[in-house]
Amino acid sequence: MLVLVTALLVLNPGFLYANRTATTHYVIYHNRALDPALLPRLDQARAIDQQSSWFDPALRLNICLNDGSAYPKLVEKVLGPAFGWSVYRSVVLSGEANPRANYVFLNGYKWNLVQLLAHEAAHCYQLRRLGIWRMNPIIQQYPTWKLEGYAEYVARRGPNYPSLRQQVQQLNQAEQATPHEWGITLVDGTTASREYANYLIITTYCLDVKKLTYQQLLADTTSKQTVHRQLANWYRHGESQ
Numbered sequence: 686m687l688v689l690v691t692a693l694l695v696l697n698p699g700f701l702y703a704n705r706t707a708t709t710h711y712v713i714y715h716n717r718a719l720d721p722a723l724l725p726r727l728d729q730a731r732a733i734d735q736q737s738s739w740f741d742p743a744l745r746l747n748i749c750l751n752d753g754s755a756y757p758k759l760v761e762k763v764l765g766p767a768f769g770w771s772v773y774r775s776v777v778l779s780g781e782a783n784p785r786a787n788y789v790f791l792n793g794y795k796w797n798l799v800q801l802l803a804h805e806a807a808h809c810y811q812l813r814r815l816g817i818w819r820m821n822p823i824i825q826q827y828p829t830w831k832l833e834g835y836a837e838y839v840a841r842r843g844p845n846y847p848s849l850r851q852q853v854q855q856l857n858q859a860e861q862a863t864p865h866e867w868g869i870t871l872v873d874g875t876t877a878s879r880e881y882a883n884y885l886i887i888t889t890y891c892l893d894v895k896k897l898t899y900q901q902l903l904a905d906t907t908s909k910q911t912v913h914r915q916l917a918n919w920y921r922h923g924e925s926q
């Protein structure tokens, strides 16, 4: 019974929020008064996701804020700690959002808010395309790096984001300087997970250098270790990117 109640609450965030604000593309769940600066940030995140071939304009997403509701803590107990989560068609923020400054603050770190929204929304579009069975977290059909790497690929790419070669160099330098640190500092002063930065790098290599489509990447049986070796060889030989 407890499992059923938990599942019901996780899939229906409105039960645990005091307020619900509907827009054309989103339903925003919140306890405190809604910061008007959030709406332009949502528009920016949607514009990023629209660049993905897996974007679905018909999918109306829930945005669940961490502003006093018990819902984010419930999701954390189910899925584990993170800056944010994707739950079916819901984007859930774990940290406290500062839309005006464009970051989510959690445990002393800042994550770019627009990119986090775009990342978690990308997972919603993955689920929409692949279905619950193939996105099942219990019996994984795809390696984590292909799912998280693509969400980062969608969310992080932009005119001001470093080239693939610069990303590799930045990650290598960070790991040499502070090998036990979990994050990497970006040019906007926010932090990204080194694990996710690695996923982004190898996904970018597959999509931009090897010229695979995302569907082809999902179907490809090349191991992560082999892709790393291919990437290292490409990096050493100085091919342009």
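According to my numbering, the sequence shown is numbered sequentially starting from 686.
Cβ atoms here follow ideal geometry from the backbone N, Cα and C, with glycine treated the same way.
Run the CB neighbour count on residue i, radius 10 Å, all protein chains shown included, and call it buried at 16 or more, exposed below.
{"i": "His-865", "result": "exposed"}
{"i": "Asp-873", "result": "exposed"}
{"i": "Gly-753", "result": "exposed"}
{"i": "Gly-793", "result": "exposed"}
{"i": "His-922", "result": "exposed"}
{"i": "Arg-726", "result": "buried"}
{"i": "Ala-639", "result": "In the structure as shown, the chain begins at 686 and stops at 926. Residue 639 is therefore absent and cannot be evaluated."}
{"i": "Leu-689", "result": "exposed"}
{"i": "Trp-867", "result": "exposed"}
Can you look up residue i in the DSSP assignment and give me helix, strand or coil?
{"i": "Val-872", "result": "coil"}
{"i": "Tyr-715", "result": "Residue identity check: residue 715 is His in the sequence provided, not Tyr. Looking at His-715 - three-state DSSP - the assignment turns out to be strand."}
{"i": "Thr-706", "result": "strand"}
{"i": "Tyr-920", "result": "helix"}
{"i": "Gln-926", "result": "Model confidence at Gln-926 stands at a pLDDT of 44, short of 50, so the residue's coordinates are unreliable; what they give is reported in the following sentence. Three-state DSSP puts Gln-926 in coil, outside helix and strand."}
{"i": "Gly-769", "result": "strand"}
{"i": "Ile-748", "result": "strand"}
{"i": "Trp-796", "result": "strand"}
{"i": "Ala-786", "result": "coil"}
With a CB to CB cut of under 8 Å and the five nearest residues on each side skipped, what residues in its chain are close to residue i?
{"i": "Pro-828", "result": "Lys-909"}
{"i": "Ile-887", "result": "Trp-830, Gly-834, Lys-909, Val-912, His-913, Leu-916"}
Hey, out of the options, whose CA is closest to residue i's CA?
{"i": "Arg-841", "options": "Arg-814, Tyr-881, Gly-769", "result": "Tyr-881"}
{"i": "Arg-819", "options": "Val-853, Asn-797, Gln-900", "result": "Gln-900"}
{"i": "Thr-875", "options": "Lys-795, Tyr-920, Thr-888, Leu-802", "result": "Lys-795"}
{"i": "Gly-699", "options": "Thr-708, Leu-689, Val-712", "result": "Val-712"}
{"i": "Leu-696", "options": "Ala-877, Leu-871, Pro-757", "result": "Pro-757"}
What residues in its chain sit with their C-beta under 7 Å from that of residue i, if we drop five residues either side in the sequence?
{"i": "Glu-833", "result": "Tyr-881, Tyr-884"}
Which residues in the same chain as residue i place their Cβ atom closer than 6 Å to its Cβ, once the five residues preceding and following it in sequence are excluded?
{"i": "Trp-770", "result": "Val-760, Leu-764, Val-777"}
Examine chain C for any beta-carbon lying closer than 7 Å to the beta-carbon of residue i, and answer yes or no.
{"i": "Asn-704", "result": "The chain labelled as chain C is not found in the depicted structure, where only one protein chain is given."}
Three-pair Cβ contact test at 8 Å for the stretch 719 to 739 versus the stretch 756 to 767: Taking 8 Å as the limit for Cβ pairs, the verdict is that the stretch 756 to 767 does not touch the stretch 719 to 739.
Contact between the stretch 734 to 743 and the stretch 698 to 705 (3+ Cβ pairs under 8 Å): no
The stretch 706 to 725 / the stretch 780 to 791 touching (three or more Cβ pairs under 8 Å): yes
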